[in-house]
Structures are given as C-alpha cells and as structure tokens.
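**Student:** The numbering used here puts the first residue of the sequence shown at 121, with every later residue one more than the last.
Glycine included, C-beta positions come from ideal geometry on N, C-alpha and C.
These numbers come from a predicted model, not from an experiment.
I'd like to ask some things about the structure below.
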Amino acid sequence: MTGAQSSSAETATARVIDGRAVAAEITDRVAAETRRLEADTGIVPGLAVVLVGDDPASQVYVAGKGRKAEAVGFHSVQHTLPATTTEADVLALVETLNGDPAIHGILVQLPLPPEIDKARVVEAIRPEKDVDGLHPVNVGRLASGSPAAMAPCTPAGCLVLVKRAAAGPLAGMTAVVVGRSNLVGKPMAQLLLGENCTVTIAHSKTRDLAATVRGGDIVVAAVGRPEMIRGEWIKPGAVVIDVGINRIAAPERGADQTRLVGDVAYAEVSKVAAAITPVPGGVGPMTIAMLMANTLAAACRSVGRPPQVY
Ligand code: NAP
C-alpha cells in the first residue's frame, strides 16, 4: 500500500448502510404489491408462524413477524404450542397448513424443543411454502441457480444491502463469507456466487483468517463472536456486512448494563471500508422484510404470477 493510500484509508469514513431504511422500503413495496395481487386475483398472502415452547427470544421474534405481516396486509396466523407438544403434533399442524389454500408461507420458529427433530419438521413443510428457505429442496434449488429457490431471509437481506452498497455490478468481485452455517453462511455464499462473485467461505478451521478476509471486496461476517473482524483485516474500499448479534457487558453504561455489537470491530472497520452495516440497524431489520418478500413471492407463484424481485 502506498503512503497516500494508507493515509486516505485512515481518514476515510465508511458509508453507513441503513438497514432500517432499506427494510422499510421493501415492506412498503410488499404492501403495495399485496394490494395489487388482491385487486387482480383476490389472493391475500397468508403467513403462518408456528412457535413451540416458551423461549422468550423466540416469542419476541414471532410477535414481530406477526405484527409486520399484518402491517403489510397479509393474512397472519400464529400457532403457539406448549413445550410438551410432541413431534407428531407439530408434523400434523404442518400438514394442515400445507393443505390450507389461505396459507402461502409457513415458518416454524427455531430452536425447537430438543425432543423434536428439527430436520423432520423442516422437511415436512411444502417447499413452495418454506419461506425460511431451509427445506433441502430450496437449498438444492439455490445451489443449482433455480429461479424457484426460496432463499433464507437473512442472507437474502444481506444481498440486497450488498447490491445497494456496491458501486457497480457484483460480477467479478471477490467475496469472503466468514461462517458456514446452513442458515446464513452457506446460502450467503450461494447467493454471491449467483451474482458471479468469486466466493471464499471461511470458518473456524481457516488457517489465516485475516489474510483471507483481506482478499474480499465484499466481506460478510456471520460468526457470533463480538468484534472479531478487525480494521487491519479489511481491504480498503470493501463493503462490509455484519450479520453478528452479540450482547456484551457495557460497564460504561452502569453496573450490569449490556449493549449489542456485531462480529465486526465497527469503529476500526468503518475507517477502512467503503460501506458498512451497523449493529443494530443493519442486517437485523432486513430479515423480517425478506420474510415478507418471500411470503409475497410464494403467494404470487401460487397463481402463476412472477414473484417480486428485490
Ligand atoms: P452459527 O451456526 O453458530 O455459525 C457460526 C459460524 O462461524 C460457523 O460456521 C463457525 O465455523 C464460524 N466460526 C466460529 N468461530 C470462528 C472463528 N474463530 N473464525 C472463523 N469462523 C468461526 O451461527 P449463525 O446462525 O450463522 O449466526 C452467526 C451470527 O449471526 C450470530 O451472532 C447470530 O446471532 C447472528 N444472526 C443474525 C441474524 C440477523 O437477523 N441479523 C440472523 C441469523 C443469525 P465452524 O463451522 O467451523 O464451526
């Protein structure tokens, strides 16, 4: 790096990618398209969310999804089942929802109680109604580049943010995804590959993570380790998407206080990157927005109408 490049990297301040604003724009478009779909066909997109047990975080997520579904004009249904519910009962409910023409999207909130086989439940959902994009058929469709794929909501939201933040087409850019979970890392890599990026997936066994991340024009961090990605790991001018949500102690706010941070050391990285998502207010709001977009797409497909593309 030249002296001039180095000093500009040190003084540059990355553009903050406002996930709340983009998510609001998407939900407005979903609401408008929902009105058009109903006017043209009589179809109202229906989303059923199934919650098993009383995990407080899951209750908050499910309530948020239900509120947003109502706000965009969907038919919104929530099934709350006790933690003692058997796998057979969950499968029976999924089967009922599969056959319900008023329901276009089914989301079973994870985690499920340990006695219930998550894979069996996810695989019971009809792929066309699998708005979480976790059914093996949708995983395969995404991997094979099928337009019928339902992509998981968080990586789908990240891709929207990357496209907004990148100066031009993504084709040919190098992308480094840190994390290889089925929920985020792997589908994120498939989505970026689908945009013709050259994609590297890093994980806990990656030998030189800093050097690997430094190769990325686009870096997506989905690890779950507070502020792990440092400023000196980032290629100047990169687009950095921080999926991580980590709660850490915040003694500066008082005894027993906490705050949320991402997987990216925000203060450092924002001096090097061209654009960065904050935590909170970056990827988080996009997840629910893309759930609405996936449900609308499922309803559109059910009547042979091209799904909205974001
Ligand atoms: P996960 O299933 O725990 O996967 C974490 C990944 O990070 C794994 O692939 C793991 O590698 C990798 N990893 C762990 N330590 C590492 C290290 N030292 N160096 C490099 N890679 C390492 O997590 P997840 O479900 O993908 O979620 C990741 C983060 O995103 C979490 O903070 C989660 O809360 C957050 N999240 C946010 C949203 C949202 O809406 N904003 C949605 C989902 C998740 P191995 O595979 O080798 O173990």
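Do GLY253 and ALA271 have their C-beta atoms closer together than 8 angstroms?
**Tutor:** Yes.
**Student:** Can you find a heavy atom of the ligand NAP that lies under 7 angstroms from the Cβ of ARG135?
**Tutor:** Flag unset: Cβ of ARG135 not near the ligand NAP.
**Student:** Which word fits MET121, buried or exposed, when buried means at least 16 other C-beta atoms lie within 10 angstroms of its C-beta?
**Tutor:** Here MET121 scores only 38 on pLDDT, less than 50, and its place in the model should not be relied on; the value that follows carries that caveat. Flag for MET121 reads exposed.
**Student:** Does DSSP put GLY225 in a helix, in a strand, or in coil?
**Tutor:** GLY225: strand per DSSP, three-state reduction.
**Student:** Using three-state DSSP, classify GLY139 as helix, strand or coil.
**Tutor:** Here GLY139 sits in helix by DSSP.
**Student:** Relative to the ligand NAP, is the shortest distance from any of its heavy atoms to the C-beta of ARG300 smaller than 7 angstroms?
**Tutor:** Yes; taking the cut-off as 7 angstroms, the Cβ of ARG300 has a heavy atom of the ligand NAP nearer than that.
**Student:** Just tell me which of LEU416, ASP175, GLY260, GLY401 has its CA closest to the CA of GLN310.
**Tutor:** Among LEU416, ASP175, GLY260, GLY401, the Cα nearest to that of GLN310 is on GLY260.
**Student:** Which residue marks the beginning of the alpha helix (DSSP H) containing ASP209, and which one marks its end?
**Tutor:** That run of the alpha helix (DSSP H) goes 207 to 218.
**Student:** How would you call PRO491, buried or exposed, if buried means at least 16 neighbouring beta carbons within 10 angstroms?
**Tutor:** The shown model of the chain, from 121 to 430, leaves out residue 491, and the question about it has no answer.
**Student:** Quick check on the DSSP output: the alpha helix (DSSP H) that includes ALA417 runs from which residue to which?
**Tutor:** Start and end: 403 to 422.
**Student:** Kindly indicate the opening and closing residues of the alpha helix (DSSP H) around ASN258.
**Tutor:** Taken as a continuous stretch (DSSP letters only), the alpha helix (DSSP H) holding ASN258 covers 256 to 263.
**Student:** What span of residues does the beta strand (DSSP E) with THR318 cover, start to end?
**Tutor:** Segment 318 to 322, the beta strand (DSSP E) holding THR318.
**Student:** Name, in chain order, the residues that DSSP records as bridge partners for THR294.
**Tutor:** BP columns for THR294 point to THR318.
**Student:** Bridge partners for ASP362 per DSSP, in chain order?
**Tutor:** Looking at the DSSP assignment, ASP362 forms a beta bridge with ALA341.
**Student:** Is ILE396 helix, strand or coil when you go by DSSP?
**Tutor:** In this structure, ILE396 counts as strand in the three-state DSSP scheme.
**Student:** Who does GLN198 pair with in a DSSP beta bridge?
**Tutor:** Note: GLN198 sits in a beta bridge opposite VAL169.
**Student:** Taking the alpha helix (DSSP H) that VAL240 falls in, what are its first and last residues?
**Tutor:** In the sequence as displayed, the identity of residue 240 is Arg instead of Val. It spans 238 to 244 - the alpha helix (DSSP H) in which ARG240 sits, taken as one unbroken run.
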